[in-house]
Each structure stands twice: as structure tokens, then as C-alpha cells.
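To start, the structure itself, in C-alpha cells.
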Amino acid sequence: MNIHVAQTEPVIELRRVHRFFNQTKAVNDVSFDVYRGQVFGFIGPNGAGKTTTMRILATLDSPSYGDALVDGFSVVNDPDLVRRRLGFMPDGSSLYANMNCVEYLDFFARSYGLVGRERNDALRRTLSFTGLDKIASKSITGLSKGMRQRLSLGRAMIHRPSVLILDEPANGLDPRARIELRHLIRQLASEGTTVLVSSHILTELAEMCDQVGIIERGKLLAVGSVAEIYNSMQAASQVRMRLLGRVEELLGVLTTHEEVSSVLRKGDWIQLELRGDDAAQASLLRWIVSSGFDVLEYVSHRESLEDVFMKVTTGAVQ
Amino acid sequence: MSDSALSDPMQRSHDEVIRIVIDGESKWDQRLIRGSYWLNPILVKEARQALKSKQFAWTFMLLIVFTAAWTLFAVASSIPDVYYDSDGTVFLMGYLTILLVPTIIVIPQVAFRSMASELEDGTFETLSLSMLTPGQIVYGKLSMAALQLIVYLSILAPCIAFTYLLRGISLGVIGFLLVLIVVSCMFLAATSIMLAAIARTRTLQVLFSILMVLGQLVAFGFLFGIASSGMSEQNALQTPSAYLNMFCFLGIILSYAWLWLRCAASLIDMASANRSTPVRFAVFAVGMIIAVGTVLTLMNQSSEGGSVNRQFAANVFINLCWFHWGIAGAWMMGESGIISQRARRSLPDSYFGRVFLTLFNPGAGPAYLLVVLGFLGPWVGYFGATDLLAIIQGRYSGSIAEAYRSWLKVLALAAYLALYLGMTRLLLLAFYRNKRASRLLEAFAMTGVLVIAGVFATLFGNLAANNFRDMYFDWYCFLNPFWMLSEYSSDNTIQPSMQDVFSSAELFFAWLALIISGSVVFFINAILTARDVMITRVETPPRVRAEQSKKKQVDEVDPWKEP
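Which chain is which? The protein sequence lines are A and B, in order. Just so you know, the first sequence maps onto residues 601 to 918 in the working numbering. Just so you know, the second sequence maps onto residues 52 to 614 in the working numbering.
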């Protein structure tokens, strides 16, 4: 069931968060908001400050300056109230030995104060949601990487947190497990959970995230939906079209068009780079057709999140 | 949950298997699961882990094997005398030696590893994000140690009962030795949990492991010695004085175990929490327990008419109390005076709260005052009350000089606390510009360096003044606490009569210099503390209060009311 929630107040608010380790600015003036039911992707190269930011949000670290709020509660002043609302799945989370899946989840259910029927319901729901119900009594030691990740996710969500923070959850997973994990995250978001997720696999993030934040050397370089970032960068679209005749004529016209940055002919195809957003592209196509050119094929290629990421970041490390 | 229930899952429906896994199969399983809701989740988790661990299985098995082997060996070597002689002590000594291995060596090491592995493997982070309080975590670890102790004791219980039937040992002595082993085990387990909470690096973990082993071997030898002497001198152990002394000793040991657990809980608590005040209350309580122990011992000694023992007992306990406050104070001098908004919500607000509890606020300033006054208070109260009462009633049994000795010694010890801890605080304030960070280790090390510097400066200065040939106590030697106290305790220096109390001019001037310098440093620190004690409570936001009360309501849910 999809829940549509009005985006009135953000569930996660970062307000000028700074974190310094001696001279290193691990997080440098990072601010963004995430609303209920959104999946927010946190992208950045290694050492960019993603994990530090997530740990601050999870109350495992304190900001040197600034504050972060979860559901209106400060991670600095009310970390205990934040923890109640939060599920955190750290990168490479370790699990206890000498326990099976249900014992592990049972322990965390009890640790979150769930007893009696609440505990039973939480265990049933989590085992079923994560698909661990078939191996509930299997020892953790014998679990595959994917199953361990599922168990970690189950642990993070056993108390039904309103916010889930997942640090590289798809790390080391096979393609099938990644797809399943993506579906689980989207399902959680559709049920109203706000998810903050970091990953190196940008195509995955592009598919499941409503918003992304690109961070490098502790600085948040861009934040918004992929389309918004794309538009704000005034990035170019790659357009290819095939005409029925009058190719040279159109080439001549396009070279003088103000929104076309480059144009060249490749056989029957014209390839051009178009500045501006979708509206500019639609306008150009409408003009070509109305000018009497016969367009047989038209292919537009938006820059992917990977392209955007490569453009926004410089690859510098600190 | 029973494994047999899941042995043939194909025979059962999927839902049925899940129901068994979560709820338990039999009625008893279900009752046990429901009963466990009242237990600390850490205890439940650790018990589940321990019962599957090889370490527990091996310890359990070896304990049974060695107990059975000792029983057979002892019976075989005593036959046929075992039918006539009182061999209970021989048998019990063997059983206690076997019992000491798991209780004194294994259980504390397991507690250390349990806590250390949480921090080392990263599981502590996920644990700390749960609703468990730091106190629940450390007490959960300790209760697991207690559970193991019960299991191991239950193996030996029939054999120990058997030794009583063999005669030669009284129930009182058996009980006393078992209580001693239990208390020692809990103390060592609490110590190991605290050390594991401190050891955040691999190097420190290895270092503390080695220290733990050494400490455990010492404890093993100590308890073995007490057990042997206890059995050979059973009558001496069963006097009221012996019981009282043992009661005081065990009380102090248990109170230190409690203090260690409070320290461990503070070490793993959130950075913005008020981690200082609970530890301070524990330090204060332990100081008071030592003082009460003194009073009980002194009253008992007085009633038995032993003035020499009275003086000895008073010295032992005063010195113990001094070390207690000195060591605790050396750490506390490194506390940051910056109190987080969150911690400020818990500061005392009422008039009486601000008057009596401000010294328990975080920060080195209040800590300094607490240490000096906390040490001085009980002794002034006790000596003042008893001596004054005795003088008023005209039944003062000891000499006036004896009373003076106690008074002057307590004042001198308080002056040492004021001097060295005050100097540490002043130096830290001067050296470190970042006042936000706590510098507990630096403060402890600096106090140690100052004391050592005081000792060596006086030794070197004294030798230099005497052409490096001999040493004579002089007034400036007050900087060396050990020399000063040794001179003070020497019977040749101060005779037990009023006119001879100040007979040694050097000692008198040393005492005077100590009191003056201690007072000066105390007043400078007291003035600097004014800013710390001015910090007031901030109101808890209404939304936070509402959330906290909501949590309280959830906590009051009765898990037994389950359909």
C-alpha cells in the first residue's frame, strides 16, 4: 500500500554540520533536508564524509559544529529520542556468533523494549519482510553475505523506525541480492519510512532514490533529484535524429541555433548537443517538424547519475 | 526452543515452524520465553551464546571431571581412615581449589572478552543504538558472570555438602569461604568489565588482559591462603570481631565492584550525557562506606578495650580512604568544565539541591571540592563527635595526644589532597587551551608526576643539604607525603602526651607548611571553581518531556498480559 504524505516538515534535517578530526575537515558545512517516505541517496568517493555524516545522524558521533535533527529531535541534545526513531545499518556490520537468526532479532526486539505480543509481531514481520523466515533457525555463522545483510537490515528495522540509515547496504552483494535489496528499500519508503542510503553503485541509487546528495572532501556539492541536479548544472542532452532528406539543410540551421552547442553528421544521422531542459528539447523538435523536415527517428540521451557525478566531483581526496 | 521441533520441517507447515521458532513449542517453552521478558536482554543473549560456546562446554565438563577425580582420589587415599577421621577440611580444600579456577580465572576473563569483543567487533555500535542503557549493558554482562558462577557452584554444591558430613569443618567456615569466593569473583568480573570498557585499542586490550591474569593469580593465591588459614584456625574465624572485619572488608570490595560498573557504564555512555555525576555519587558512597567501616571497627575495638588496635584500625582505614579519594580525584581533575545542554537538564534546581548536590556536577572544579571535603567530612564528623562527646561526658579513655594525632593526621592528609590535586588542576588549566575536551589520563599522569617530583625533590634537596652523606627530616620535606607520614607515625618523634605532640620542631614546621600551602592552593582553586558552580539547570523542552513520559508508559506494560 502506498502512503502519500504531504511534505510539510522534513524528517531529517542537517543544519550546517561540521566534523573535524584535527586538521581534516571530514564534514564541512553540510545541510540538507529529507522528507517522510523519501529515499535519499548519499554519493561520494571514498573518504568524502558520507559515513561520518551518517554516523552523526545515527548519534554514534557528535558534530564539531552544527546540529542534525531527526523528527525534530537533536542528535546532540536528545540522542536517546533520536535512537528510538532510527534504524542504522553500518557498513560491514558485524553480527554475533553462536546465535541463530531469530535469536539475534529477538535480542534486538527485547533491546528496543518489545515484549509479549509486540515482540512476536515484530519478529514475524521482520522475518517475513527480509525473507529470512525460511532460515530463521539457521546459525549466523553459516549465513551468506546477502543473508547477513538482510539480517542486518532486519535488525535495523525491527522496532519500525521512521528513519533508516543504510551505509553501503549493497556492498558485496550479488546482482540478484542487490535487486532484492533495492525492492526492499523502495517498499519501506512506500510504507512511509524515510531512508538515507549511501552506495558506490550509482545506477542503483538513480533507480531507487527520490533525492541524492553528492559530497566530496566533506562538502556537499549538489543536492536534489537527479533531474534537478542535471538542470541546475545546465548539462547538455545528447540528441540523435535521422531525417528523410534535407540533412545538410538542417545541419546548417542547427549550427546557428543558440541552444545547440555542437552538431555533426554521422552517416544518415545528425548528432547534436543541446543545452537546456526537457522543455527546450521539446521546443526544438516541434520547430524542426513544423519547418517541414521529415524526422524518421529521434533519440535523446539524458546524462546519467554517473555522468553528473563525474562532472560534479573532481576526484580529489583530503 | 527445541531443536527436535525443527528436525523435520518438511512435516510441518511453514507458519507452524515460524510459530515454534518465535513462541516456543511446548507450554513450558512459552512460559520460559514469557518469563525471560523480565530479564535483562543482555543476560538472555549472553546465556544463549554461552550455552553454545565451546569454552563453556569445556569448563563445565572439566569441572565435573576434576571434581569427580578429586573425590575418588581423596576417598581412595583416606580409606579406611575416612570412616573414623574428620577429613572434611582436606576434601573441602581440594574442592575449593578446583572451584577457584573457573570462578577466579575463567569467569572474569570471559566477562572481559565479552565486553572487549563488543567494542572490537563493532557490535557495540548496534547495541548502543538500541534502547538499552549503559547500566543495563554492564549489569547484563555482570549478571552473566553471576549465572556462570551459579552453574559452576551448583556442580560443586553436593561435594561441599559432603565435606560437612565428613566432619572437621563448620557450616560457618564453609559459608564464609563460599561468600568470599562469590564476592571475589564478582569483584574481578566487574573489574574486567571496566578494563574492557577502557581498552578501545588492541594494544590496551592485550595490556589489560595481561594485568588481569596477574591480578587473578594474586587473587587466587590470596583466596587459597585465606581458605587454608581459615580451616586451620576455625575458632578465630568465628568471633564477632572476625565477622565484623570480614563484613567491612566484603562491603568495601562489593562497593568497589559497584563503582567499577558505574565507571564502565559512564565510559560507554553517549558523549552528551552527564557521565560524571553517577560516578561521583559512587565514589562518594564508597568513601562513606570506608568511613562507616572505620567507625564500626573502631567502636568494636573500643568495646573490646584495645586502644592499640583502635589506633591501628583507624590508621588503616584513614589511609585507605585517603588513597580512595586521591586516586579518584586524580582522574576527576581532568574533567572538562563544559556541561552539555543535555547534561544541564539534570543539574540540581532546588535550593537544597544546589547547596548539597552542586559538588556532584561535572567539571574538575566541583570535583576538587568534593574530593577534599568528601575526605575531610566524615573524619571531622566522627572524630569531632566522639572526642567532643567523650570530653564533655568526662569519660575520655585515650590520651589527649592520641586524639590530636588523629586530628593532625587527617588534616595533613586532606592538605596533601588539596595541594597535589589543586596543583594538577591549575597546571591543566594553564597548559590546555581547549577546555572542551576531558583529559582524565593526562590529569592522572600529571598528579603522579607531581607526587614523584615532590618525593625526589625532597630526597635530593635533603641529601644536598647534608653533603650527600645522610638524610635528616626537615620542614621542607612535607612535599614528600610518604616521608612525612612515616616521620609522623614514628613513635620516637611524637610521644603520646599533650606536651610532646609538637616536640619535634621540624615535624611541626613541616606540618604547618603543609597546611598553609594546602590551604592556599585550596582557596585559589575554590575561587576558580566559582564559575563552574554558577552553571544552572536548563528546562527540558516540553516535547522531550512528553516523549520521555511516553517511554515510561511503555516501560510499565506488563508482558504477562498476553493473550
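The beta-carbon is built from N, C-alpha and C at its ideal position, and this holds for glycine as well.
Unbroken alpha helix (DSSP H) run spanning residue i, endpoints
i: Trp-311(B); result: 291 to 318
i: Phe-524(B); result: Careful: Phe-524(B) lies outside any alpha helix (DSSP H) and carries neither H nor E.
i: Gly-876(A); result: Element bounds for Gly-876(A): n/a, residue is neither H nor E.
i: Gly-906(A); result: For clarity, residue 906(A) is Glu in the given sequence; the question names Gly instead. Counting along the chain, the alpha helix (DSSP H) containing Glu-906(A) begins and ends at 905 to 912.
i: Ile-567(B); result: 556 to 584
i: Arg-85(B); result: 78 to 86
i: Gly-186(B); result: 185 to 216
i: Val-95(B); result: 92 to 103
i: Leu-42(B); result: With chain B running from 52 to 614 in the structure shown, residue 42(B) is simply not present.
i: Thr-242(B); result: 222 to 249
i: Val-264(B); result: 253 to 283
Beta-carbon separation (whole angstroms), residue i vs residue j, contact threshold 8 Å
i: Ile-575(B); j: Leu-477(B); result: 7 Å
i: Tyr-527(B); j: Lys-460(B); result: Not confirmed; about 20 Å, so no contact.
i: Ser-457(B); j: Ala-365(B); result: 6 Å
CA-to-CA distance, residue j to residue i, given in whole angstroms
i: Pro-131(B); j: Ser-87(B); result: 50 Å
i: Thr-793(A); j: Gln-267(B); result: 51 Å
i: Ala-322(B); j: Gln-160(B); result: 28 Å
i: Ser-904(A); j: Lys-819(A); result: 22 Å
i: Asp-661(A); j: Arg-655(A); result: 6 Å
i: Met-166(B); j: Arg-218(B); result: 43 Å
i: Asp-907(A); j: Arg-395(B); result: 49 Å
i: Met-475(B); j: Glu-557(B); result: It should be pointed out that residue 475(B) corresponds to Thr in this sequence rather than to Met. Rounded to the nearest angstrom, the two C-alpha atoms are 27 Å apart.
i: Glu-859(A); j: Glu-849(A); result: 18 Å
i: Ile-643(A); j: Thr-587(B); result: 43 Å
i: Gly-377(B); j: Arg-596(B); result: 39 Å
i: Ser-825(A); j: Asp-810(A); result: 6 Å
i: Gly-672(A); j: Leu-705(A); result: 28 Å
i: Arg-70(B); j: Leu-274(B); result: 49 Å
i: Ser-181(B); j: Met-297(B); result: 41 Å
i: Ala-494(B); j: Glu-386(B); result: 9 Å
i: Leu-150(B); j: Thr-122(B); result: 13 Å
i: Ala-324(B); j: Arg-685(A); result: 19 Å
i: Met-910(A); j: His-901(A); result: 17 Å
i: Phe-559(B); j: Asp-525(B); result: 10 Å
i: Ile-815(A); j: Asn-771(A); result: 19 Å
i: Leu-854(A); j: Leu-864(A); result: 10 Å
Host beta strand (DSSP E) of residue i (start-end)
i: Asn-831(A); result: Per DSSP, Asn-831(A) belongs to no beta strand (DSSP E); it is in the alpha helix (DSSP H), 826 to 832.
i: His-901(A); result: 895 to 901
i: Ala-324(B); result: No beta strand (DSSP E) holds Ala-324(B); DSSP gives it neither H nor E.
i: Ile-156(B); result: Where Ile-156(B) is concerned, there is no enclosing beta strand (DSSP E), given that its DSSP letter is neither H nor E.
i: Asp-667(A); result: 665 to 670
i: Val-797(A); result: 794 to 798
i: Val-406(B); result: Where Val-406(B) is concerned, there is no enclosing beta strand (DSSP E), although the alpha helix (DSSP H) it sits in stretches over 402 to 408.
i: Phe-411(B); result: No beta strand (DSSP E) holds Phe-411(B); DSSP gives it neither H nor E.
i: Ser-837(A); result: 837 to 843
Proximity test, Cβ basis, 8 Å: residue i and chain C
i: Glu-703(A); result: Checking the listed chains, one finds no chain C in this structure; the protein chains it contains are A and B.
Neighbour-count burial assignment, residue i, 16 or more Cβ in a 10 Å radius
i: Met-535(B); result: buried
i: Ala-379(B); result: buried
i: Asp-583(B); result: buried
i: Ile-261(B); result: exposed
i: Ala-515(B); result: exposed
i: His-604(A); result: Low local confidence applies: a pLDDT of 44 at His-604(A) is under 50, so the model's placement there is unreliable, and no value is given.
i: Ser-317(B); result: buried
i: Val-72(B); result: buried
i: Val-670(A); result: buried
i: Trp-109(B); result: exposed
i: Arg-326(B); result: buried
i: Leu-470(B); result: buried
i: Arg-782(A); result: buried
Beta-bridge partners of residue i, as assigned by DSSP
i: Thr-624(A); result: Phe-621(A)
i: Ala-822(A); result: Ile-814(A)
i: Asp-633(A); result: Glu-613(A)
i: Leu-864(A); result: Gln-871(A)
i: Gly-641(A); result: Val-797(A) and Val-812(A)
i: Met-689(A); result: Leu-766(A)
i: Phe-673(A); result: Val-670(A)
i: Asn-700(A); result: Ser-739(A)
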